[in-house]
Structure formats: structure tokens, C-alpha cells
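Asks: The sequence shown begins at 1011 in the working numbering and counts up by one. Note that the Cβ used here is the ideal one computed from N, Cα and C, for glycine as well. Just dropping this structure here.
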Amino acid sequence: MKPWLLDILACPLDKYFPLKLYVFSYETTPEEFKELLNIRVSPELAKKEKIVEIISESGKLYLKDNLIIERNTIETYLNQIVSSIKEMDNIIDKSSNEYSKQCLSTIQSEVKMKIENFSRNIKVDQIEKLLPELVFLNKIKIETEIESGLLFCEKCLRWFPIIETIPQMLPDEYRDKKKEIEFLKTNKNLLEDEFFKQDLKPFKI
1011 MKPWLLDILA CPLDKYFPLK LYVFSYETTP EEFKELLNIR VSPELAKKEK IVEIISESGK
1071 LYLKDNLIIE RNTIETYLNQ IVSSIKEMDN IIDKSSNEYS KQCLSTIQSE VKMKIENFSR
1131 NIKVDQIEKL LPELVFLNKI KIETEIESGL LFCEKCLRWF PIIETIPQML PDEYRDKKKE
1191 IEFLKTNKNL LEDEFFKQDL KPFKI
């Protein structure tokens, strides 16, 4: 599962949004996450990626990228980027990958603060100064892959496993109780005791 899916996934039962995402493991390696951190601090590397398209037309500046695929004015683009960053607050990284945790923390703090500050006082001629943050965010959300984890609806307390990168979001009657309880048991050590004290649906241990 790509992290960007969290921007659009809602509970299929009650349509609640956003869902919580607990990450147990990644297909993306620690070395790959480390390389992404290098982009965050290197304007030269960020420019080479050519992910963010800056378009000047009729005296106005428009932007688009792999997250915001329709071109928008700089103001609208930045508002949508800030919204996409806020969705990352719903990710709880329980993996053993220290670099992924560092990437997530960087987005939730430094990247978020820099883009929010820029959006409050937009200087069109300085937009390229945001390229490392914008490219970094795009690559984390679009190119990294969650191998195993759990999506959780805080409204109905329903959980959905992510198995071999695929979110398993079937209706209750089509879910495999034995297989999914085993999934919970296998990953119990990665979740807090408080999580299991809830009236989890459709199965609990």
C-alpha cells in the first residue's frame, strides 16, 4: 500500500474519514528511505527529480506534481499540499525501520512547518526553495510501499489488515475470521494494550 492512499480511503461501512494507519513493515528498504532523506537536504537532487512542475502563464504561477495532479494556482496548490501533509498525522509507524520513522517525523515537523510558513507569506519568486520538501513528500507518499499493517476506523472500531501490500477492506461477511485473528495475534506485540481493550470489529482476540 502506498501512503498516499490514506488521503482517499474511508471506512467502507460508515464512510468515516480519515482512517488510522498502523505500519508493521515496509517493502521499501531502510537504505531507500535513507536516500530519500538525502533529497530532503539537497536542492540539487530535488531539482533533478523533475517531480514538481512550475508553470508561469499570463502573469500567474501554477503548480502540479504527482500528488496534486491537476495544475492549480500556487495558493490552491499549497493548501492541498498542507492538507496532504496533515493526513500523515494518522500514520503510526510500528516498523523496525528507523529511517522510515525519521522520514515520517521530518514530514510531520520540519516539512509541514516550512510549507505552512511559506503559504502564509507567499513569495512567488522563491517557490524553488520549497522543492526539496515538495519532492521529498511526493516520493514518500507515492514511491514507498507498506508491506504489512492495519487500517483502523475510530468511529465503528473496525480494523482492516494490510497483507502483502494490499489493504483487505472486504465487507464483514466475506472476511476470513481464522486468518485475520491469526494476523492480529502475529502482530500483537506491535500494538498497544489499549488498542485491544476496544470493542474491535468484526473480530478481536
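Suppose the cutoff is 8 Å on Cβ atoms and the five residues either side in sequence are ignored; what does the same chain contact list for residue 1026 look like?
Replies: Hits under 8 Å: 1020, 1163, 1164, 1165, 1166.
Asks: What's the gap between the Cα of residue 1017 and the Cα of residue 1068?
Replies: Roughly 32 Å separates the two Cα atoms.
Asks: Can you find the residues in the same chain that come closer than 6 Å, C-beta to C-beta, to residue 1224, ignoring five residues on each side of it along the sequence?
Replies: A question about residue 1224 goes unanswered here, because the residues of the chain that appear run from 1011 up to 1215.
Asks: Taking 8 Å as the cut-off, does the segment 1104-1114 touch the segment 1123-1143 (at least 3 CB pairs, one atom from each stretch)?
Replies: Cβ pair count under 8 Å is below three, so no.
Asks: Closer than 7 Å: is that where the CB of residue 1054 sits relative to any heavy atom of the ligand MN?
Replies: Among the ligands in the structure shown, none appear at all, so the ligand MN cannot be discussed.
Asks: If you pair each beta-carbon of the segment 1117-1130 with each one of the segment 1032-1046, do three or more pairs fall below 8 Å?
Replies: Because the criterion of three Cβ pairs below 8 Å is not met, the segment 1117-1130 and the segment 1032-1046 do not touch.
Asks: How many whole angstroms separate the CB atoms of residue 1085 and residue 1074, which I take to be in contact at a CB cut-off of 8 Å?
Replies: Between residue 1074 and residue 1085 the Cβ distance is about 14 Å, and since that is not below 8 Å, they are no contact.
Asks: Please list, in chain order, all residues of the same chain as residue 1095 whose beta carbon is under 8 Å from its beta carbon, the five residues on each side excluded.
Replies: Here the set comprises 1117, 1118, 1121, 1122, 1125, 1147.
Asks: Going by DSSP in three states, residue 1093 sits in which element: helix, strand or coil?
Replies: Three-state result, residue 1093: helix.
Asks: Quick check on residue 1033: does DSSP put it in helix, strand or coil?
Replies: Strand at residue 1033.
Asks: Here's the rule I'm using: 16 or more other beta-carbon atoms within 10 Å means buried, otherwise exposed. How should residue 1093 be labelled?
Replies: Exposed: under 16 other Cβ atoms inside 10 Å.
Asks: Between the C-alpha atoms of residue 1144 and residue 1209, what's the straight-line distance to the nearest angstrom?
Replies: Using only the alpha carbons, I get a separation of about 39 Å.
Asks: Quick one: residues in its chain with C-beta nearer than 7 Å to the C-beta of residue 1055, no 5 flanking neighbours on either side, listed in chain order?
Replies: Closer than 7 Å at Cβ, skipping near neighbours: 1048, 1049.
Asks: Judging by CA-CA distance, which residue of 1182, 1173, 1029 is the nearest neighbour of residue 960?
Replies: Nothing about residue 960 can be reported from this structure: the residues present for the chain run from 1011 to 1215 only.
Asks: In terms of alpha-carbon separation, which member of 1034, 1012, 1024 lies closest to residue 1195?
Replies: Comparing Cα positions, the closest option is 1034.
Asks: Which stretch, first to last residue, makes up the beta strand (DSSP E) that contains residue 1261?
Replies: Outside the displayed range of the chain (1011 to 1215) lies residue 1261, so it cannot be described from this structure.
Asks: Per DSSP, residue 1162 forms a beta bridge with which residues?
Replies: 1030, 1169, per the DSSP bridge assignment.
Asks: With a cut-off of 8 Å on the beta carbons, I'd call residue 1161 and residue 1031 a contact; round off their distance for me.
Replies: So it is a contact: roughly 6 Å between Cβ atoms.
Asks: By the 10 Å Cβ neighbour count, where 16 or more other Cβ atoms means buried, how is residue 1066 classified, buried or exposed?
Replies: Answer is exposed; the Cβ neighbour count stays below 16.
Asks: Please tell me whether residue 1151 and residue 1013 are closer than 8 Å, where the distance is taken between their beta carbons.
Replies: Yes; because the gap between Cβ atoms is below 8 Å, this pair is in contact.
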